[in-house]
Amino acid sequence: MGQLQVNLIQQQEEKHQFIRHLLQDVQALQYMLDNDWFESGIVRMGAEQEMALVHLDTLKPAIIAEEILENLSQHPWLTSELAAFNLEVNMNPRELTESCFSETEKEVRGYLRIIQAELMKKNAGLVLTGILPTLRKLDLTLDNITPRDRYYALMDALKNMQLGSAFELRLTGIDELLVKHDTPFLEACNTSFQIHLQVHPSQFVQMYNIAQVLTAPVLAACANSPIVFGRRLWHESRIALFQQSIDTRTSHDHMRERSPRVQFGNGWLRNSIMDIYKEDIARFRVLISSVQEENSLGQVKNGTVPKLRALQVHNSTVYRWNRPCYGISPNGKPHLRIENRVIPSGPTVQDEIANSALWLGAMIGMAARIEDVTTHISWEDVRDNFGKVARFGIDTQLNWFDDKKVSTIELLLNELLPMAREGLTNAGVDKADIDHYLGIIEERTKLHMNGARWMLRAYTKLKNEVTQDEALSTLTASIMQNQETDLPGHAWELPDPNQLGHYKPGTLKVEEFMTTDLFTAQGDDLIPMVTEMMDWRKIRYMPVEDEKGNLVGLITSRLLLRHYSKDYSLEGPPPTMIREIMIKSPLTATQKTTLIEAMNLMRENEIGCLPVVQDNELVGIITEMDFLRVSSRLLERS
32 MGQLQVNLIQ
42 QQEEKHQFIR
52 HLLQDVQALQ
62 YMLDNDWFES
72 GIVRMGAEQE
82 MALVHLDTLK
92 PAIIAEEILE
102 NLSQHPWLTS
112 ELAAFNLEVN
122 MNPRELTESC
132 FSETEKEVRG
142 YLRIIQAELM
152 KKNAGLVLTG
162 ILPTLRKLDL
172 TLDNITPRDR
182 YYALMDALKN
192 MQLGSAFELR
202 LTGIDELLVK
212 HDTPFLEACN
222 TSFQIHLQVH
232 PSQFVQMYNI
242 AQVLTAPVLA
252 ACANSPIVFG
262 RRLWHESRIA
272 LFQQSIDTRT
282 SHDHMRERSP
292 RVQFGNGWLR
302 NSIMDIYKED
312 IARFRVLISS
322 VQEENSLGQV
332 KNGTVPKLRA
342 LQVHNSTVYR
352 WNRPCYGISP
362 NGKPHLRIEN
372 RVIPSGPTVQ
382 DEIANSALWL
392 GAMIGMAARI
402 EDVTTHISWE
412 DVRDNFGKVA
422 RFGIDTQLNW
432 FDDKKVSTIE
442 LLLNELLPMA
452 REGLTNAGVD
462 KADIDHYLGI
472 IEERTKLHMN
482 GARWMLRAYT
492 KLKNEVTQDE
502 ALSTLTASIM
512 QNQETDLPGH
522 AWELPDPNQL
532 GHYKPGTLKV
542 EEFMTTDLFT
552 AQGDDLIPMV
562 TEMMDWRKIR
572 YMPVEDEKGN
582 LVGLITSRLL
592 LRHYSKDYSL
602 EGPPPTMIRE
612 IMIKSPLTAT
622 QKTTLIEAMN
632 LMRENEIGCL
642 PVVQDNELVG
652 IITEMDFLRV
662 SSRLLERS
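If you read the sequence shown in this note's numbering, its first letter stands for residue 32, the second for the next number, and so on.
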């Protein structure tokens with residue numbers, strides 16, 4: 032969609048006109064397929080590199096993509112992404128032969144050096160990772176969208192189709208994330224390394240089904256997105272996050288099925304690529320339109336290859352993890368591609384190229400061995416594999432051919448890597464390229480250490496040593512530093528918090544330091560019960576909330592000490608419930624309050640904590656101990 036002029040549909044006639052063009056494109060594509068217009072005798076690969084931009088002093092997202100694009104406007108390979116803290120690079124398609132992988136790596140590195148040099152002028156850098164560890168929910172407001180009509184149109188269209196009251200994320204891993212958002216902009220969390228394989232129409236059904244089968248084991252090998260908003264979730268959290276972030280559905284008291292626009296698929300492909308396009312048009316409403324000047328059906332009847340812009344626009348709003356693509360080759364002939372969208376960005380460029388070599392080699396190798404993969408494994412097992420791998424990554428036990436159960440590591444080492452090597456050899460890829468890139472996958476697998484496992488181990492270690500924000504910042508800094516070396520991700524050392532160096536938390540928000548795992552009281556709780564709870568949990572401050580989670584008061588250890596030291600025999604019966612002794616209107620902070628502002632507020636009012644509220648709902652608490660932890664780390668570094 033990046034090269035298409037699109038807009039939100041405002042009038043019914045505009046919608047009808049676009050649909051007419053869409054149906055013409057379907058007929059035109061069918062005509063070209065029936066009459067063998069497509070390029071043959073050549074296999075090409077392509078790739079797209081997405082990245083996150085961060086400020087070097089805070090490691091938080093840098094909203095500067097527009098400036099970088101403007102300053103590097105002479106480079107057509109650089110393009111925008113949905114978020115203004117992301118960029119995308121498009122590699123030149125090249126034949127899948129000889130030194131194609133090392134040439135692609137050289138091309139990617141060259142482009143990234145140009146971008147990095149421009150970023151350094153703004154004290155910023157780039158990160159290759161599936162989900163940026165330091166990304167915060169507060170970064171995902173529409174203020175940070177890339178100012179393009181097509182992005183605004185897409186967000187508005189998805190919002191207009193929403194059936195529920197909000198978009199929701201629900202993921203459970205080591206930690207749990209249950210959060211609502213008022214826009215579908217949460218999808219901007221994801222960055223990937225997308226791979227394209229050109230496929231002749233006569234082989235498309237066979238190759239597409241193989242792509243579906245290989246999705247799970249390849250994803251298991253390269254998972255690199257386990258952390259969202261400081262929570263350790265799925266090994267490849269992008270899968271659930273992308274689907275849920277733009278899921279316009281909601282729960283009902285009936286059993287009607289509705290498919291999400293981000294999907295793996297509903298069954299095997301049986302006839303041709305047309306089955307996918309027709310299903311997506313039938314199943315998913317048109318979201319946006321584009322100005323149409325070509326009559327594609329008329330063009331093919333005149334012998335001209337059409338661009339099928341309407342079909343491409345609609346296809347860009349249905350997010351299959353293996354997406355069919357139509358394009359026109361430099362020689363003017365049309366071609367078909369399978370786009371693998373499942374592979375995350377990072378940990379390094381050579382890791383990404385290795386992932387590409389595994390997928391492309393296994394695709395070609397399996398196609399040479401198996402004419403119809405659907406006779407060897409059920410669709411249900413393939414779909415189940417995908418869901419399990421997204422959660423558990425390289426630790427997954429897979430369902431495989433002939434109803435065999437196999438570990439991901441065993442499958443990669445004993446079957447898929449040899450198959451990929453065979454496929455790349457038959458394609459004419461240089462042995463040096465094959466040995467180097469598949470060797471990275473082999474070592475990664477033997478060490479049981481993909482990007483997701485490294486990140487989970489690193490972050491868990493850091494969380495036990497420093498605050499959450501410093502742990503996330505250190506993790507991000509370590510990723511950036513390691514990406515500058517020649518070491519693939521599985522060879523990285525675990526990070527040390529002292530390597531962060533110039534950590535500056537003063538400008539950060541309360542949201543990044545507050546405690547959200549709260550122990551609270553309610554107004555009618557007995558004072559002895561609350562006293563025991565605070566003693567058990569070693570808590571000095573306990574918020575008091577009502578049944579709806581709204582803050583109504585605050586209990587402190589000093590209040591309890593004062594209560595128990597009083598001689599109520601001279602004053603009447605003692606209080607029994609918390610509401611009788613609590614602070615009824617405590618000072619509060621919001622999630623957007625900076626640490627400096629919170630610290631000044633506590634010092635000026637001589638208080639030891641600030642409950643954090645959003646529209647009076649209690650969402651966290653920040654205490655003097657949080658500031659002590661931050662300041663002690665800064666003193667240790669000085």
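For every residue, glycine included, the Cβ atom is placed at its ideal position computed from N, Cα and C.
Within 10 angstroms of its Cβ, does L478 collect 16 or more other Cβ (buried), or is it exposed?
exposed
If we count Cβ pairs, one from each stretch, closer than 8 Å, do we get three or more for the stretch 405-417 versus the stretch 294-308?
yes
Can you list, in chain order, the stretches of the beta strand (DSSP E) that have 3 or more residues and sit fully within the stretch 346-412?
Within the stretch 346-412, the complete beta strand (DSSP E) runs of at least 3 residues are 353-359 and 365-371.
Just to confirm, are N371 and Q225 a CB contact at a threshold of 9 Å?
In contact: N371 and Q225 (Cβ atoms closer than 9 Å).
Excluding the five sequence neighbours on either side, which residues of its own chain have a C-beta within less than 8 Å of the C-beta of V561, listed in chain order?
Here V561 has A552, M573, I586, L591 and I609 as same chain residues with Cβ atoms under 8 Å from its own Cβ, once five neighbours each way along the sequence are excluded.
For T546, which residues in the same chain have their Cβ closer than 8 Å to its Cβ, ignoring the five residues on either side in sequence?
Excluding sequence neighbours, T546 sits near G651, I652, I653, T654 and D657.
In chain order, which continuous runs of the beta strand (DSSP E) of length 3 or greater are located wholly inside the stretch 577-662?
582-587, 640-645 and 648-654
With 16 as the cutoff for other CB atoms within 10 Å, does H86 come out buried or exposed?
buried
Meets three-Cβ-pair contact criterion under 8 Å: the stretch 352-367 and the stretch 298-313
yes
Using a Cβ-Cβ cutoff of less than 8 Å, which residues in the same chain neighbour L209 once the five nearest sequence positions on both sides are dropped?
Hits under 8 Å: E199, L200 and R201.
My understanding is that E129 touches V380, with C-beta atoms under 8 Å, so please give their C-beta distance in whole angstroms.
Between V380 and E129 the Cβ distance is about 19 Å, and since that is not below 8 Å, they are no contact.
C-alpha distance - D88 paired with D548, whole-angstrom precision:
28 Å
Is the stretch 473-490 close to the stretch 386-403, with three or more CB pairs under 8 Å?
Between the stretch 473-490 and the stretch 386-403 there are fewer than three inter-stretch CB-CB distances shorter than 8 Å, so the stretches are not counted as touching.
Would you tell me roughly how many angstroms separate the C-alpha atoms of E637 and T619, rounded to the nearest one?
13 Å
What's the gap between the Cα of S111 and the Cα of L118?
Distance between the alpha carbons of S111 and L118 is about 5 Å.
Can you have a look at R351 and say buried or exposed, based on whether 16 or more other CB atoms are within 10 angstroms of its CB?
buried
In the DSSP assignment, find the beta strand (DSSP E) that holds E671 and state where it starts and stops.
This structure gives no information on residue 671, because the portion of the chain shown stretches from 32 to 669.
Reference Q428; option with closest CA among P248, L626, A155 and V644
P248
Taking Cβ positions, are G156 and G482 nearer each other than 9 Å?
no
Within 10 angstroms of its Cβ, does C434 collect 16 or more other Cβ (buried), or is it exposed?
Rather than Cys, the amino acid found at residue 434 in this sequence is Asp. The residue is exposed, with fewer than 16 neighbouring Cβ atoms inside 10 Å.
Whether or not the stretch 386-395 and the stretch 323-338 are in contact is what I'm after, with contact meaning three or more pairs of Cβ atoms, one per stretch, closer than 8 Å; do they touch?
Counting C-beta pairs with one atom in each stretch, the stretch 323-338 and the stretch 386-395 have fewer than three that are closer than 8 Å, which means they do not touch.
In this structure, how does DSSP classify Q105 when only helix, strand and coil are distinguished?
coil
Backbone secondary structure at G77 - three-state DSSP:
strand
DSSP state of I258, grouped into three classes?
Note: I258 maps to strand in three-state DSSP.
Quick check on DSSP: helix, strand or coil for G33?
Caution applies to G33, whose pLDDT of 47 falls short of 50 and renders its modelled position unreliable; the model cannot decide the point.
Between W108 and the rest of its own chain, which residues show a CB-CB distance below 7 Å, the 5 nearest in sequence each way excluded?
V120, N121 and Y142
Put H479 into one of helix, strand or coil per three-state DSSP.
coil
Find out if the Cβ-Cβ distance for the pair A254, A78 is shorter than 9 Å.
No, the Cβ-Cβ distance between A254 and A78 is not below 9 Å.
DSSP three-state assignment for V322, whether helix, strand or coil:
coil
Run through the DSSP bridge pairs and tell me what G82 is partnered with.
At residue 82 the sequence reads Met, which differs from the Gly that was named. Answer by DSSP bridge pairing, in chain order: L118.
Please report the residue range of the beta strand (DSSP E) in which G156 lies.
A155 to V158
Could you give the DSSP three-state label for F315: helix, strand or coil?
coil
Does H266 come out as helix, strand or coil in the three-state DSSP assignment?
coil
Taking the C-alpha atoms as reference points, what is the distance between E70 and L64?
11 Å
Does the distance from the C-beta atom of V661 to that of T498 stay below 9 Å?
A Cβ-Cβ contact shorter than 9 Å links V661 with T498.
Cβ shell of Q34 (< 6 Å), same chain only, five flanking positions each side left out:
Interpretation of Q34 is limited by its pLDDT of 47, a score under 50 that renders its predicted location unreliable; the figure taken from the coordinates is listed afterwards. The answer is none, since no qualifying residue turns up.
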